Amino acid sequence: MSVVRFLLVFPWTCIALTLCDAFGSSGIQSRATSVPKSLALSTNTELPTINRNDDKEKVVIIGGGWGGLSAAYELSKNSDRYDVVLVDMSSRVGGVVRDGFRSMRGDHKAEAGQHGFWDQYANIFRLLDEDLDIIDDALTGYAEQGQYSPNGLEAVWPVYRNQIPQLPTGLAQAAYTRFEKLPWIDRVSAFPLVLAFSEFDDSPEAWERYDQVSFRDLCLRLGVSRRCYQEAFEPMILTGLFAPGAECSAAAALGMAYFFVMANQNAFDVRWCKGNIGEKIFDPWVRKMESSVTFRMSTKVTGFNVSTRSGNDGLRAKITSISCVDTNTQEEVLLKTDQVVFAVGAAALNAMVQRSPELSTFPEFRRFANLRGTSVLATRLYLDKRITTPYTANACWGFDEGVGMTMFNIGELHSDESLENLGSVIEVDYYHADSLLVMSDKDIVKKVKADLSTILGVECASTKVIDAAIIRLPRGVNWYFPGSYKSMPDVQASSLDSVYFAGDLVRSRHGSWSQEKAFVTGIEASNLIQGKPIHEGVIPLPKDELHVAFGRSIVATFQSLLGRPGRGTSATTPSLFDFIF
């Protein structure tokens, strides 16, 4: 019973997915449609060339989110050797998630979503604490979180680190999470998922196996009750992986659940950004490295020049220059490069293949055309008076079929003096939201206000909306659909020399997710560029707790007895997955 609730406490861990990496703010247009050859990305080698230091290795990083900034930051520590240029189409580092939006009246800044930092973000916490010395200024403390449906409060997540005694993971979540309505008999039906969780060890083999099916199919095959799935797991997937469970990879769900919830008792504890993430985190970070990194903002990548050479293993290809255009002046320039880091998400990688005949020559890059994103609608309402929200951060479900939802009290979370004289400022974000993006701004504001009034009651219903921010992000976050794993990039490209990838979409053996994964893969990419071991300087995830490790060893022993090789080798005999599918 200790792990019956291992996923029921995890309905929205990716509210703060690395949106700036997922949105592909690199400047590659993200419309994934075929284009005439005349419009395809191609490099004009006669463009003006940006002067760069020929005594240093030249690195171009495409994308200014967590992954791109992490790679740039690590390389900036070796500025005597590397000339680093970071390219991003957004006007400021951080991409479209930072405060580049205005409210409808133009009176207030807004950003796409509220950003959370979970207990397992050890590498980001080290950056904020030791390198930038801003952690307490940038992040809130820990607080309880709520979950709502149209029927009221459904669950409360406590601050797990404050619960005494400290218990083994699984048992801790079962003992301390407060479910208001879901009957025990339905919660118990989730127990068979422990078997899948024990077999899924985050290895490439486990990913390939469980990525074949949807999380919904996995739950139904294992006997999870309809009510448990609809009220616990479907909301979890909608607000965690941003799409319905029938359209999300079981491997992605299991992997993310372990990282955000099941690693230990404290894993689900979260600190939120105290303000707009651009001002609180990205700006101080950029100042730390701007003397050794060139930031070319408002710059769109328009093409690549790929050259070939003979090597011991035959012809090898390499990107030698990248053409760009300044979106403000329309000036076209050429960036010579020795190394390239693609720090963008699914939509941007897809678009690169669609528009670049140079990249689409390679099967590795053509598979990126299979990647896609799902849509987000981020809204912020400015009310004429203050209202009470029992919890500052909340997950919500059941308001629109197939749509996830989160709600935050921005006035309480942000340490922003400009908000002190206002009424309440409430952020409501919707995921898998294509059906909502088509609504008018006026109708969206009306809908958001109605949803808030359903959650918060008469006090909210009696307020008036004095301003609002509406941010539509079509295909804005990565979509981990069944079968997507085989199309994701590795940290280092196999078909092009000196090409690397960073971001939360990248296949990595670290085991992290979201912003932490993007940050870690940025370090890994920079390590490979510098000829270092890939994990050098990366804080690893904690080891499995003893009972988890024991459970996995039992599974491995059982597989060995059946003739299946251990972790890291090919599958030859049936696993749990083979028995249930």
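Under mature numbering (1 follows the signal peptide of the UniProt record, and there is no 0), the residues of the sequence shown are numbered -22 to -1, 1 to 559, in order.
We treat Cβ as the ideally placed atom computed from N, Cα and C, and that holds for glycine.
The structure presented is a predicted model; accordingly, all values stated were derived computationally and were not measured.
Extent of the continuous beta strand (DSSP E) to which residue i belongs
{"i": "Glu405", "result": "Val403 to Tyr409"}
{"i": "Ile40", "result": "Glu35 to Ile40"}
{"i": "Phe273", "result": "Val271 to Arg274"}
{"i": "Leu64", "result": "Tyr60 to Val65"}
DSSP bridge partner residues for residue i (one or two, in chain order)
{"i": "Cys374", "result": "Tyr126 and Met383"}
{"i": "Asp195", "result": "None; Asp195 has no bridge partner."}
{"i": "Glu390", "result": "Per DSSP, none; premise fails for Glu390."}
{"i": "Trp250", "result": "Gly94"}
{"i": "Ile365", "result": "Note: Ile365 sits in no beta bridge, so no partner."}
{"i": "Gly351", "result": "Asn456"}
{"i": "Val284", "result": "Ile297"}
{"i": "Ala356", "result": "Asp407 and Ile449"}
{"i": "Asp304", "result": "Thr277"}
{"i": "Phe79", "result": "Ala88"}
Residue i, DSSP secondary structure in three states
{"i": "Phe343", "result": "helix"}
{"i": "Ile507", "result": "helix"}
{"i": "Ala295", "result": "strand"}
{"i": "Gly184", "result": "Checking the displayed sequence, the identity of residue 184 turns out to be Ala instead of Gly. Three-state result, Ala184: helix."}
{"i": "Phe169", "result": "coil"}
{"i": "Gly515", "result": "coil"}
{"i": "Ala133", "result": "strand"}
{"i": "Leu110", "result": "coil"}
{"i": "Ile142", "result": "coil"}
{"i": "Thr118", "result": "coil"}
{"i": "residue 634", "result": "Residue coverage of the chain in this structure runs from -22 to 559, which leaves residue 634 outside it and unanswerable."}
{"i": "residue 561", "result": "Given that the chain is displayed from residue -22 to residue 559, the structure contains no residue 561 and the question cannot be resolved."}
{"i": "Leu554", "result": "helix"}
{"i": "Ser227", "result": "strand"}
{"i": "Leu337", "result": "helix"}
{"i": "residue 561", "result": "The shown model of the chain, from -22 to 559, leaves out residue 561, and the question about it has no answer."}
{"i": "Gly500", "result": "helix"}
{"i": "Ser69", "result": "coil"}
{"i": "Ala245", "result": "coil"}
{"i": "Phe559", "result": "coil"}
{"i": "Leu327", "result": "helix"}
{"i": "Gly233", "result": "helix"}
{"i": "Glu177", "result": "helix"}
{"i": "Leu400", "result": "coil"}
{"i": "Ala221", "result": "coil"}
{"i": "Lys495", "result": "helix"}
{"i": "Gly256", "result": "helix"}
Residue i: first and last residue of the uninterrupted alpha helix (DSSP H) it sits in
{"i": "residue 562", "result": "Absent from the structure is residue 562, since the part of the chain shown begins at -22 and ends at 559."}
{"i": "Arg265", "result": "Asp261 to Met267"}
{"i": "Thr217", "result": "Glu212 to Gly218"}
{"i": "Phe103", "result": "Ala100 to Arg104"}
{"i": "Glu310", "result": "It is not in any alpha helix (DSSP H) - Glu310 instead sits in the beta strand (DSSP E) that spans Glu310 to Lys314."}
{"i": "Phe320", "result": "Counting along the chain, Phe320 falls outside any alpha helix (DSSP H), though it belongs to the beta strand (DSSP E) covering Gln317 to Phe320."}
{"i": "Glu52", "result": "Trp44 to Ser54"}
{"i": "Gln190", "result": "Per DSSP, Gln190 belongs to no alpha helix (DSSP H) and is neither H nor E."}
{"i": "Thr535", "result": "Leu524 to Leu540"}
Whole-angstrom C-beta distance between residue j and residue i, which should lie under 8 Å
{"i": "Leu391", "j": "Gln92", "result": "7 Å"}
{"i": "Ala411", "j": "Val381", "result": "6 Å"}
{"i": "Phe95", "j": "Val264", "result": "Their Cβ separation, rounded to whole angstroms, is 19 Å, which puts Phe95 and Val264 out of contact at 8 Å."}
{"i": "Thr352", "j": "Pro128", "result": "With 8 Å as the limit, Thr352 and Pro128 do not qualify as a contact, their Cβ atoms being about 23 Å apart."}
{"i": "Lys34", "j": "Arg59", "result": "6 Å"}
{"i": "Gly201", "j": "Ser167", "result": "6 Å"}
{"i": "Asn244", "j": "Val516", "result": "Contact flag wrong, Cβ pair sits at about 20 Å."}
{"i": "Val37", "j": "Leu53", "result": "6 Å"}
{"i": "Ala446", "j": "Thr357", "result": "7 Å"}
{"i": "Thr155", "j": "Val526", "result": "Going by Cβ atoms, the distance from Thr155 to Val526 rounds to 18 Å, so no, they are not a contact pair."}
{"i": "Ala325", "j": "Arg450", "result": "No, Ala325 and Arg450 are not in contact; Cβ-Cβ is about 14 Å, not under 8 Å."}
{"i": "Gly45", "j": "Ala480", "result": "3 Å"}
{"i": "Ala229", "j": "Tyr409", "result": "Not really, about 20 Å apart at Cβ, beyond 8 Å."}
{"i": "Ala321", "j": "Gly41", "result": "3 Å"}
{"i": "Met241", "j": "Gln98", "result": "It is worth fixing the name first, because residue 241 is Ala in this sequence and not Met. Indeed, because the Cβ distance is near 6 Å, the residues count as touching under 8 Å."}
Cβ of residue i within 7 Å of any chain D Cβ
{"i": "Asp522", "result": "The structure shown contains no chain D; it holds only a single protein chain."}
Exercise for the section: Please specify which runs of the alpha helix (DSSP H), each continuous and at least 4 residues long, are wholly inside the segment 407 to 491, giving them in chain order. Expected result: 412 to 415, 419 to 434 and 436 to 439
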